[in-house]
Amino acid sequence: NLNFERFILNETNLGDGSIVSSWYPTEKKLEVDGQFYKGHLPTIIFKGNYHPFRKKESIDLDLTLQRTDVQLFKSYTENILTNLRGVVSANIKLSGTLKEPSFNGSVHLQKTSFLVNYLNTNYSTPSCKIDVRPDMISFDNVVFYDEKGNKAISNGTVFHHYFKDVSMDLGFNLTNFHALNTTIKENELFYGKAFVSGLVNIGMYKNKLNIELDVKTEKETVMNIPLNTAEEISESNFIEFVSNEIDEEIEEEKVDLSNIELNFILHATPDAEVRLIFDEKVGDVLRAKGDGDLTIKINDQGDFNMYGDYIVKDGDYLFTLQNVINKRFNLEEGGKISWNGNPLEAELNLTAVYRLRARLYELLASSEDSASAEIYKKRTPINLKLNITNTITSPNIGFDIDLPTTDEATKNKVRSILYVSNQQENIQELNKQVFSLLVLNQFIPPTGGGTASYSNVGSTTSFEMLSNQLSNYLSKISTRFDVGFN
Numbered sequence: 004n005l006n007f008e009r010f011i012l013n014e015t016n017l018g019d020g021s022i023v024s025s026w027y028p029t030e031k032k033l034e035v036d037g038q039f040y041k042g043h044l045p046t047i048i049f050k051g052n053y054h055p056f057r058k059k060e061s062i063d064l065d066l067t068l069q070r071t072d073v074q075l076f077k078s079y080t081e082n083i084l085t086n087l088r089g090v091v092s093a094n095i096k097l098s099g100t101l102k103e104p105s106f107n108g109s110v111h112l113q114k115t116s117f118l119v120n121y122l123n124t125n126y127s128t129p130s131c132k133i134d135v136r137p138d139m140i141s142f143d144n145v146v147f148y149d150e151k152g153n154k155a156i157s158n159g160t161v162f163h164h165y166f167k168d169v170s171m172d173l174g175f176n177l178t179n180f181h182a183l184n185t186t187i188k189e190n191e192l193f194y195g196k197a198f199v200s201g202l203v204n205i206g207m208y209k210n211k212l213n214i215e216l217d218v219k220t221e222k223e224t225v226m227n228i229p230l231n232t233a234e235e236i237s238e239s240n241f242i243e244f245v246s247n248e249i250d251e252e253i254e255e256e257k258v259d260l261s262n263i264e265l266n267f268i269l270h271a272t273p274d275a276e277v278r279l280i281f282d283e284k285v286g287d288v289l290r291a292k293g294d295g296d297l298t299i300k301i302n303d304q305g306d307f308n309m310y311g312d313y314i315v316k317d318g319d320y321l322f323t324l325q326n327v328i329n330k331r332f333n334l335e336e337g338g339k340i341s342w343n344g345n346p347l348e349a350e351l352n353l354t355a356v357y358r359l360r361a362r363l364y365e366l367l368a369s370s371e372d373s374a375s376a377e378i379y380k381k382r383t384p385i386n387l388k389l390n391i392t393n394t395i396t397s398p399n400i401g402f403d404i405d406l407p408t409t410d411e412a413t414k415n416k417v418r419s420i421l422y423v424s425n426q427q428e429n430i431q432e433l434n435k436q437v438f439s440l441l442v443l444n445q446f447i448p449p450t451g452g453g454t455a456s457y458s459n460v461g462s463t464t465s466f467e468m469l470s471n472q473l474s475n476y477l478s479k480i481s482t483r484f485d486v487g488f489n
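Counting from 4, one number per residue, gives the positions in the sequence shown under the working numbering.
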């Protein structure tokens, strides 16, 4: 006879209880009767017989759980689920042997919540009934809710042979469901918030995992893709002493994707925002909204491929240079990011525009007589274009200058100065005018075209640069607002 006070198992207080066991020599069996209470309410009750000399059907035990704290089982789920909360009730018949146990009955989870570690998302279910059979565990039409009350309907079946040779089939029907909530600490390759609707199926057979997703993005989805490394954006606040001995056998750790098959169809919508982060520290970020159908595939050999085109609808790019230039360009509709295999070799074809007004006098005065040059002193709309091409990990940035409202003759005169040929010196002339427009909001005389005094260079756009930088800092406080000054 054993009596317990405040019996704790897996850091869970099961209350007070007792276990009474009796050995019957004639029948060669051990009779067990146990019960635990919290106050006057029973939480765990088990009663039955154990026949140690039987080779088959040595166990005959009835187990009852009544609103038992689910944290009792957290040590078995903590690699996948944490912050486990709720209560569990169950009626289970245990038979078979210790090596080949057989369970039959039902389990009922109530007011259960948990955090999915990989997704960093919290879910809850008011009620989940699980059917337990000797070779199968199943549940039907269970509703899970995210933190905003959006729901997913789930069905699942797990087959096993005495808890070995496990195979499973899980299905989820999502409606505007919070499917991702990570930061760069959880995942350096991509992170953010994702709300999606669609179908998810997860199957496993003979240790091979098959995942199929067909979902579309919903509002408040923000995905971040850093194009620099974690070391470049982290800070060290400590001193680390290391050994001078170098282990020549150290190899780069690789993620093993073998025995996993993924077929992920993503219908991107303009409700979602994609951010390509060139430099997190200074806010050098390209933000885009668009649409497209993307397919992500992983085969059982571990090959990871991505296919499809993402077409930009709108967005912006905060172009920064040493905190001196800080200008927000607007993305033109129709830009494209294309994947055709390797996800790190996505092709960029994007154009962003910074609009300003400047006079053409400084650029064209040397090529005109004084009377003709006077007409260029009027401020003219300028579209400063930034073209982003090449791959997503090695983007090329080039510039162009467009005069949307001027006549064709004037456009040709400007082209003759900026684009005499494709020689390097002409690219330098174009870049010089581009940066003059960005810093000074005006053209400067071309090389060999005379000189001019710019004693007020520092004051020309000092307030504009200050306000842009202040806007950048304020925008980092929260992604829910953006502040600009003019």
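For every residue, glycine included, the Cβ atom is placed at its ideal position computed from N, Cα and C.
Everything numeric in this text was worked out from a predicted model, so none of it was measured.
Query, Result
"Excluding the 5 residues flanking I568 on each side, which residues of the same chain have their C-beta closer than 6 Å to its C-beta?", "The chain is shown from 4 up to 489; residue 568 falls before or after that span and cannot be answered."
"Are there three or more Cβ pairs, one per stretch, closer than 8 Å when the segment 172-188 is compared with the segment 199-206?", "yes"
"Which residue wins for smallest C-alpha separation from V23, given the options T29, D36, E30, N16?", "D36"
"Between which residues of its own chain and E336 is the CB-CB distance below 8 Å, once the five residues before and five after are set aside?", "V315, K316, D317"
"Can you grab the Cα-Cα spacing for the pair I280 / N190, in whole Å?", "14 Å"
"Under 8 Å, do E348 and D274 count as touching if we go by C-beta distance?", "no"
"Just to confirm, is the Cβ distance from N333 to D312 under 8 Å?", "no"
"Less than 8 Å between the C-beta atoms of L366 and T383, yes or no?", "no"
"Consult DSSP for P346 and reduce its assignment to one of helix, strand or coil.", "helix"
"Could you tell me if T80 is buried or exposed, where buried requires 16 or more neighbouring beta carbons within 10 angstroms of its beta carbon?", "exposed"
"How should Q304 be labelled, buried or exposed, when 16 other C-beta atoms within 10 angstroms of its C-beta is the threshold for buried?", "exposed"
"So the candidates are T224, L216, T272, W342; which of them puts its Cα closest to the Cα of G295?", "T272"
"Measure the alpha-carbon distance for N13 versus D72 and round it to whole angstroms.", "11 Å"
"Could you tell me which whole beta strand (DSSP E) segments of length 3 or greater appear in the segment 105-191?", "124-136, 139-148, 154-164, 167-185"
"Identify every residue that forms a DSSP beta bridge with I205.", "L173, I214"
"Work out the CA separation of Y310 and R136 for me, nearest whole Å.", "42 Å"
"So, under 8 Å CB-CB, L392 and L351 are touching, yes? Tell me the CB distance rounded to an integer number of Å.", "The sequence as given places Thr at residue 392; Leu does not occur at that position. So it is a contact: roughly 6 Å between Cβ atoms."
"Note down the Cα distance separating Y53 from E103, rounded to an integer number of angstroms.", "14 Å"
"If you drop the 5 nearest sequence neighbours on each side, which residues of the same chain put their C-beta closer than 6 Å to that of S141?", "D134, T160"
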